[in-house]
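Asks: Position in the sequence shown (first residue = 1) + 4 = this note's numbering. Quick reminder that beta carbons are idealized off the backbone N, C-alpha and C, glycines included. Quick caveat, the model's predicted, so the values are computed rather than measured. Let me give you the structure first, and then I'll get to my questions.
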Amino acid sequence: MPRSSRRVCRAHCVPFSVLVAFKHLFYMIPPEKPLYIRARRDKTVVFLCYHPSDTIATIKDKLCAAIPSSGKKADDMRLYIRRSDGEGYNLLNDASKASASGIQNETEIYFVYGDQGRWEEVHASEYEPLDDGDEEMEEDNIPSGKKEKGKGRA
């Protein structure tokens, strides 16, 4: 196989030969924007790129690859999504597609690990905001852009 036919366009993950063959179609179809989800467990947040056609099992594989230090396999993990009423979580089926499971761009999913037939409870720590945003700085405390001269500067 010639070397040029094995090259892959990194931006779109398709072989260059396919791009050349379908050049007229390639320019007519806008490229898909990448979609992201946040997978959370305790104080861990993992950002994953996915396609709506990915299955939940594929997302679990990507999550395991993103956290190699856990040493867990996709079979030892369950994914949950928060219910629309905000009370509780729904278990995501491995065979279903992301779009059919209600996963959209920037959705938060939750993962738990299982050990010897027992599964953890869903737990994700909520973080306090660093800045309230309600408090305004007083005008006296706003640093000025002027350079001060003399002994009063120290």
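Please go through the same chain and pick out, in chain order, the residues whose beta-carbon is closer than 8 angstroms to the beta-carbon of L95, but skip the five residues on each side of it.
Replies: Result list for L95: R82, L83, Y84, in chain order.
Asks: Quick check: K76 and Y117, are their CB atoms within less than 7 angstroms of each other?
Replies: Yes, Cβ-Cβ distance for K76 and Y117 is below 7 angstroms.
Asks: So what does DSSP say about Q108, is it helix, strand or coil?
Replies: Three-state result, Q108: coil.
Asks: I'd like to check one pair, A102 with P56: are the Cβ atoms closer than 7 angstroms?
Replies: For P56 and A102, yes; Cβs fall inside 7 angstroms.
Asks: Using a Cβ-Cβ cutoff of less than 6 angstroms, which residues in the same chain neighbour D58 once the five nearest sequence positions on both sides are dropped?
Replies: Excluding sequence neighbours, D58 sits near A102.
Asks: State the CB to CB distance for the pair I60 and L52, rounded to an integer number of angstroms; the pair is presumed to be in contact (CB under 8 angstroms).
Replies: Contact flag wrong, Cβ pair sits at about 12 angstroms.
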